[in-house]
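Read in order, the letters of the sequence shown are residues 1 to 256 in the UniProt record's numbering.
C-beta: ideal position from N, C-alpha, C; glycine also.
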Amino acid sequence: SSLVDRRHMRFLSVGCVDSEGRANETITADADTPTAHVWAMQGMSEDDSKVVQARSAADLCAASSKGPCEVKVKLSKAEGQPLGVELDTTDQVSVWVIRVLPGGVLEEYNRSVGPDLRIEAGDYITEANGAKGSMQIYRALAKSSLELVVRRAHRFPVVLTPLQGALNCEMVVPVDAKFLYIRKISPGPVTQWNSEHPASTVRVGDRIIAVGGVRGTSSELAAEIKRLSGMPVHLVVSQIGGMGPGAKTWCGGLDI
């Protein structure tokens, strides 16, 4: 199908208490936008060291601390042509790209642009044809003409030391997903981390995509957290780049 939505219509709620940058401008692109033109829109030349060294959007984001990393994309679908993407709407704010499927409009678009403009797994679609909110965006994606606002992920490592064996947060374990969704944060290890690391603040709505170096299904990630009960827990967190309350949030970060 054109769209595959992985919502948490069935999920297990795991309460850890109970269970033991690119430059500042917005970049607008379509299938005919060459990479050199994108660089020009950012006020850079092809000889600019940031651009020469940049291999992906994440590298461009990491090279700049000026602000959010956002791309505007225009797409057109012929009748019956699939968009070709697997999506998740858990956070109710955006639509998270799980993967781009073969044979769709998105795969065709990605082939026509440079790596810094591609829509890839881990990106967040925050607006579609002016619609905001995960379900409104999801419905809008069925239209034949699309104008999308896409934000790159800000991925960063987090180390939490459990308080009396608990992380004091509540996570959703979506079925058939490869992340844990942070639904609630109570005073404890996470809030302590946030106070000590304002540039890497963990928020409600973030996704945990790795635990202790392990990437896998949501059930495997939850099991790894339980296995590490009482020990420091190393996480990789993904959130919408540039939308946090801290002045130093940007997209990019860990290449994972």
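In terms of residue numbering, what span does the alpha helix (DSSP H) encompassing residue i cover?
i      : result
Ser218 : 218 to 227
Ala140 : 134 to 140
Ser200 : Taken as a continuous stretch (DSSP letters only), Ser200 belongs to no alpha helix (DSSP H), as it is neither H nor E.
Val105 : 105 to 112
Within 10 Å of its beta-carbon, does residue i have 16 or more other beta-carbons around it, so buried, or fewer, so exposed?
i      : result
Asp116 : buried
Lys226 : exposed
Met171 : buried
Glu220 : exposed
Glu79  : exposed
Val236 : buried
Thr90  : buried
Can you tell me where the beta strand (DSSP E) with residue i in it begins and where it stops?
i      : result
Gln192 : Careful: Gln192 lies outside any beta strand (DSSP E), inside the alpha helix (DSSP H) at 189 to 196.
Arg183 : 180 to 185
Met171 : 169 to 174
Val71  : 70 to 76
Pro157 : 153 to 160
Arg215 : Element bounds for Arg215: n/a, residue is neither H nor E.
Thr126 : 124 to 128
Glu95  : For clarity, residue 95 is Val in the given sequence; the question names Glu instead. Note, Val95: beta strand (DSSP E), 95 to 100.
Asp206 : Asp206 -> no beta strand (DSSP E), and no H or E assigned at all.
Quick one: what's got a C-beta closer than 8 Å to residue i's C-beta in the same chain, skipping five residues either side?
i      : result
Gly103 : Pro82, Gly84
Ala121 : Val97, Ile98, Arg99, Val100
Ser144 : Ser76, Lys77, Ala78, Glu79
CB-CB under 6 Å to residue i, same chain, minus the five flanking residues each way: which ones, in chain order?
i      : result
Glu127 : Val149
Glu147 : Lys74, Asn129
Arg151 : Glu70, Tyr124, Thr126, Ile240, Gly241
Expressed to the nearest angstrom, what Euclidean distance is found between the alpha-carbon atoms of residue i and residue j?
i           : j      : result
Glu196      : His234 : 16 Å
Val158      : Ile208 : 10 Å
Ser76       : Leu163 : 51 Å
Arg111      : Lys72  : 17 Å
Ser238      : Ala199 : 13 Å
Ile119      : Gly213 : 25 Å
Ala166      : Ile185 : 12 Å
Val105      : Arg215 : 28 Å
residue 328 : Asp206 : Residue 328 lies beyond the stretch modelled for the chain, which goes from 1 to 256, so this question has no answer here.
Met231      : Thr191 : 17 Å
Gln136      : Arg183 : 21 Å
Leu160      : Asp88  : 26 Å
Glu224      : Val211 : 7 Å
Leu228      : Val113 : 43 Å
Verify whether the separation of the beta carbon atoms of residue i and residue j is less than 8 Å.
i      : j      : result
Asn194 : Val202 : yes
Cys69  : Gly241 : yes
Arg99  : Glu86  : yes
Asp123 : Ala153 : yes
Gly133 : Gln92  : yes
Val95  : Tyr138 : yes
Go through its chain and collect everything with a Cβ distance to residue i's Cβ below 7 Å, but skip five positions before and after it.
i      : result
Cys169 : Cys16, Ile182, Lys184, Ile185, Ser186, Val190
Ala140 : Ala128, Asn129, Ala131
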